[in-house]
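Engineer: Quick note, the sequences are listed as chains A and B, same order. Each residue of the first sequence is one higher than the last, beginning at 1 in our numbering. Each residue of the second sequence is one higher than the last, beginning at 1 in our numbering.
Number of protein chains: 2
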Amino acid sequence: MATVTSRALALLAAFDEGHRRLTLTALAARADLPIATAHRLAAELVAWGALARTSDGDYVVGRRLWDLGLLAPLNAGLVELASPYLHDLYSATLATAHLAVRDGLEVLYLDRLRGTASVPIVSTVGSRLPLHATGVGKVLLAHAPTEVQQAVLGALTRVTPYTVTQPGTLQRQLAAVRRDDHATTVEEMSLGACSVAVPVRRDDTVVAALGVVVATPRRDRSRLVGALQVAANGIGRELSRT
Amino acid sequence: MATVTSRALALLAAFDEGHRRLTLTALAARADLPIATAHRLAAELVAWGALARTSDGDYVVGRRLWDLGLLAPLNAGLVELASPYLHDLYSATLATAHLAVRDGLEVLYLDRLRGTASVPIVSTVGSRLPLHATGVGKVLLAHAPTEVQQAVLGALTRVTPYTVTQPGTLQRQLAAVRRDDHATTVEEMSLGACSVAVPVRRDDTVVAALGVVVATPRRDRSRLVGALQVAANGIGRELSRT
DNA sequence: GCACGGTTTCCACTCAGCGGAAGATGGTCC
DNA sequence: GGACCATCTTCCGCTGAGTGGAAACCGTGC
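Following this line, the structure appears as structure tokens:
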């Protein structure tokens, strides 16, 4: 038997990147609730500010959830603190630059500065992508607890024909990431897109990863790694002061 | 009689900028709920991801609200699209740069790039400040519907000794903002801080304001206005394409 | 004017939610 | 080591908050 709270949360969960605005009927269907129940509970969420009603009656996520979301510890200054460095990185490389953290068994993109090159970019702020198929993901996975590594290694899904799906291969790559202090991918997440990423450390702990996405990394690899490390070190220094 | 939904939302509302992590007892007190009730409902919020429990038992806002918050229409690309221009502005001026929108009778800061100058900055991403006492606020107020202007003009609170609190004076300033297409403040929000701001237009509609905070605006006013307008025009052009 | 789809409102029935109390846990002080 | 305190967790009898099908309402299109 569902609780009232779980029903209200089901309404919130009905929204996602592909469903940012919903009619009442669609909202009820996606929340698996009768229309009358959805209507009643949604009215309370609207009154509080968790949802909002557009002028033609559709429901959208309310401003108050934006406010609350900013209080989530993940945003405790990291995005803001890292932003200048992300832009320095962009200026130095003109490539799409990312700041990401590990969230369970996935990469979560906290910030992105989109470059000008026509390289396919699949990430956006708030999106989650596989750890094993992205540069920032490999960095985060290489420094994750053993049980996280084992869980990921046990479920390597193929995203492109070049995605590494053999555990042994990925383990060797992760060891190389720890040794070389950077990771690369070559069309493992998107065809036409390669990436380079480095760890962001607060003292000795890897708390995030910084990466860029380019068409071909091999030519500029050491230059990209250098720029990434300068930016990552700057972020790490400021993190150590807070 | 309170509903279950209102109690659950009261728990979420217990968190704010000054209370990012709360013990169960504090959470219950701030939500005005008995501890047993708070414990039960909070457990459901934790299970869903709206709240999280730290290792020592405290409650914090959960990652899932961060995700949901990103879906709020306000963030539909504006922050990300504007970010490169905000950094261009920073590079050109080395001052703290802001992107803000009007939210009811207040300014809401969507993005901020903190400059290096030692000027007191009171805004942070997500914060709301008065429309009449900030540069971006004056821009947004000058282009707000008449009833918004009248509501604000009827309640001009003093923030510093230099805050404009006489309706006639502010009205003349707003007319000047519309005429000159930029606004300034001089220690009206914080002593030692002055600001310059311009409108960001999508076609002919003012949808945001872009501003910088400096120690003394008079010396660089036209240079700052120029840089702001270049950035605002760039943002506006991209907005017109989406 | 009618049909249709979506939204809003009603209300008899029932079980989910309530919260005080008791127990458990952990930390501090003497 | 024991006493004390504050916080957290769990229990459970009672009852009114919540339920959702059905009807009414509303807007649009033909």
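Note that CB positions come from ideal geometry on N, CA and C, so glycine has one too.
Report yes or no: do three or more beta-carbon pairs, one from the region 159–166 of chain B and one from the region 140–150 of chain B, lie closer than 8 angstroms?
Structural biologist: Touching, no, given that fewer than three Cβ pairs across the two stretches are closer than 8 angstroms.
Engineer: Express the C-alpha separation of B/Y90 and A/G62 in angstroms, rounding to a whole number.
Structural biologist: Computed Cα separation, rounded: 31 angstroms.
Engineer: With a floor of 3 residues, list each beta strand (DSSP E) that falls wholly inside the region 173–201 of chain A, ordered by position along the chain.
Structural biologist: Here the runs fully enclosed are 183–186.
Engineer: Per the contact definition of three or more C-beta pairs closer than 8 angstroms, is the region 104–111 of chain A in contact with the region 104–118 of chain B?
Structural biologist: No, the region 104–118 of chain B is not in contact with the region 104–111 of chain A.
Engineer: Quick check: what's the CA-CA separation for B/V152 versus B/L174?
Structural biologist: The straight-line gap from Cα to Cα measures roughly 12 angstroms.
Engineer: Exposed or buried, which one is B/E17 when buried takes at least 16 other CB atoms within 10 Å?
Structural biologist: It counts as exposed.
Engineer: Quick check: what's the CA-CA separation for B/L74 versus A/T169?
Structural biologist: The straight-line gap from Cα to Cα measures roughly 43 angstroms.
Engineer: What would DSSP say about B/H143, mapped onto helix, strand or coil?
Structural biologist: Three-state DSSP puts B/H143 in coil, outside helix and strand.
Engineer: Within 10 angstroms of its Cβ, does A/E147 collect 16 or more other Cβ (buried), or is it exposed?
Structural biologist: Exposed.
Engineer: Along the region 200–213 of chain B, where does the CB come closer than 8 angstroms to a CB of chain A? Name the residues.
Structural biologist: Within the region 200–213 of chain B, no residue has a Cβ that lies closer than 8 angstroms to any Cβ of chain A.
Engineer: Do you know offhand how far B/R221's Cα is from B/V196's?
Structural biologist: Approximately 8 angstroms between the Cα atoms of the pair.
Engineer: Is there at least one Cβ from chain A nearer than 7 angstroms to B/L70's Cβ?
Structural biologist: B/L70 counts as touching chain A.
Engineer: Tell whether a beta-carbon distance below 7 angstroms holds between A/T96 and A/G115.
Structural biologist: Yes; because the gap between Cβ atoms is below 7 angstroms, this pair is in contact.
Engineer: Note down, in chain order, each residue of its chain lying with its Cβ closer than 6 angstroms to the Cβ of A/L45, except the 5 sequence neighbours on either side.
Structural biologist: Closer than 6 angstroms at the Cβ level, and outside the excluded window around A/L45, lie L51.
Engineer: Taking the Cβ atom as the reference point for each residue, do B/F15 and A/L228 lie within a distance shorter than 7 angstroms?
Structural biologist: Cβ atoms of B/F15 and A/L228: not closer than 7 angstroms.
Engineer: Under 7 angstroms Cβ to Cβ from A/A38, same chain only, skipping five residues before and after it: list those, please.
Structural biologist: Around A/A38: L11, L24, L27, A28, A31.
Engineer: Are the beta-carbon atoms belonging to A/L99 and A/L9 less than 7 angstroms from one another?
Structural biologist: Going by C-beta atoms, A/L99 is not nearer than 7 angstroms to A/L9.
Engineer: Just to make sure I have the definition right: I need the residues of chain A whose C-beta is within less than 8 angstroms of the C-beta of B/V225. Which are they?
Structural biologist: Near B/V225 there are no residues of chain A at all, since even the closest Cβ is about 22 angstroms away, more than 8 angstroms.
Engineer: Can you tell me where the beta strand (DSSP E) with A/R102 in it begins and where it stops?
Structural biologist: Counting along the chain, the beta strand (DSSP E) containing A/R102 begins and ends at 96–103.
Engineer: Residues of chain A with CB closer than 7 angstroms to the CB of B/L140, please, in chain order.
Structural biologist: Chain A residues near B/L140: none, gap ~16 angstroms exceeds 7 angstroms.
Engineer: Can you name the residues that DSSP bridges to A/P130?
Structural biologist: DSSP, once it has assigned bridges, lists A/E106 as partnering A/P130.
Engineer: Any C-beta of chain A sitting closer than 7 angstroms to the C-beta of B/V4?
Structural biologist: Closer than 7 angstroms to some Cβ of chain A, the Cβ of B/V4 qualifies, so yes.
Engineer: Counting only Cβ pairs nearer than 8 angstroms, list the residues of chain A close to B/E44.
Structural biologist: T3, T5, S6, L9, listed in chain order.
Engineer: Could you check whether the Cβ of B/H39 sits closer than 7 angstroms to any Cβ belonging to chain A?
Structural biologist: Not closer than 7 angstroms to any Cβ of chain A, the Cβ of B/H39 fails to qualify, so no.
Engineer: Would you call the CB atoms of A/L105 and A/H132 closer than 7 angstroms?
Structural biologist: Against a cut-off of 7 angstroms, the Cβ pair of A/H132 and A/L105 comes out as no contact.
Engineer: Determine the contact status of B/A231 and B/D88, defining contact as a CB-CB distance below 7 angstroms.
Structural biologist: Closer than 7 angstroms, so yes.
Engineer: First and last residue of the beta strand (DSSP E) that includes B/Y59?
Structural biologist: Segment 59–61, the beta strand (DSSP E) holding B/Y59.
Engineer: Which residues in chain B have a C-beta closer than 8 angstroms to the C-beta of A/D67? List them in chain order.
Structural biologist: Those within 8 angstroms of A/D67 in chain B are G69, G126.
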